[in-house]
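A.B. asks:
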Amino acid sequence: MNEQEIRDQWQRIKDHIKRYEEDPVAAHEHNPYGKVVPALLLTATGRKSGKARNLPLIYKKIGERFVIVGSKAGMDEHPAWYKNLLANPDCHIQVAKDHYDVRARTATGAERDDLWTQMVELLPQYEEYQSRTTRQIPIVVLEPQH
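Using the numbering used here, you'd call the opening residue of the sequence shown number 185 and step up by one each time.
(1) Round the Cβ separation of P208 and H214 to the nearest angstrom and send it over; I've been treating them as touching at under 8 Å.
(2) Which residue wins for smallest C-alpha separation from W300, given the options V324, R191, I277?
(3) Quick one: give me the first and last residue of the beta strand (DSSP E) that D282 is part of.
(4) I think P322 touches Y266, with their Cβ atoms under 8 Å apart; what is that distance to the nearest whole Å?
(5) So for Q193, helix, strand or coil by DSSP?
(6) Report the CB separation of Y310 from V253 in whole angstroms; it is logged as a contact under 8 Å.
(7) When we look at the beta-carbon of H200 and count the other beta-carbons within 10 Å, is it buried (16 or more) or exposed?
(8) How is R231 classed by DSSP in three states: helix, strand or coil?
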């Protein structure tokens with residue numbers, strides 16, 4: 185990605201966070217690539233700053249779990265939010281108007297393979313992103329803490 189694309193992407197993220205603050209039901213229905221998919225708002229603790237960091241992410245709900253993908257559009261480095269969750273897996277999500285305290289974990293083995301297939305069905309671009317990088321794109325499971 186060039187500098188302008190990165191700036192444009194950050195502006196879209198900021199706009200989506202603002203939409204989540206103003207109208208969480210509308211913000212939940214995200215439309216990247218001409219396809220409506222659900223988006224949650226993740227609040228994780230910055231591993232360096234210790235500050236709360238918000239980020240809208242595409243997700244799929246499977247049972248009580250929420251599944252997200254650390255694709256970073258296929259760049260060779262994991263997204264900062266994923267690194268933050270590795271350092272502090274206890275986080276918070278907002279799904280439309282609903283709020284959940286969750287614990288994050290990275291799916292592995294057969295579970296990861298199954299969830300990857302489901303996430304690619306939700307958003308086929310994930311396959312393209314995986315083809316751009318040698319890193320295995322992480323699948324993160326967010327499990328509500330009751």
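Glycine included, C-beta positions come from ideal geometry on N, C-alpha and C.
C.D. replies: Working from what's here:
(1) That pair is no contact at about 12 Å.
(2) V324
(3) 282-290
(4) 6 Å
(5) helix
(6) 6 Å
(7) buried
(8) coil
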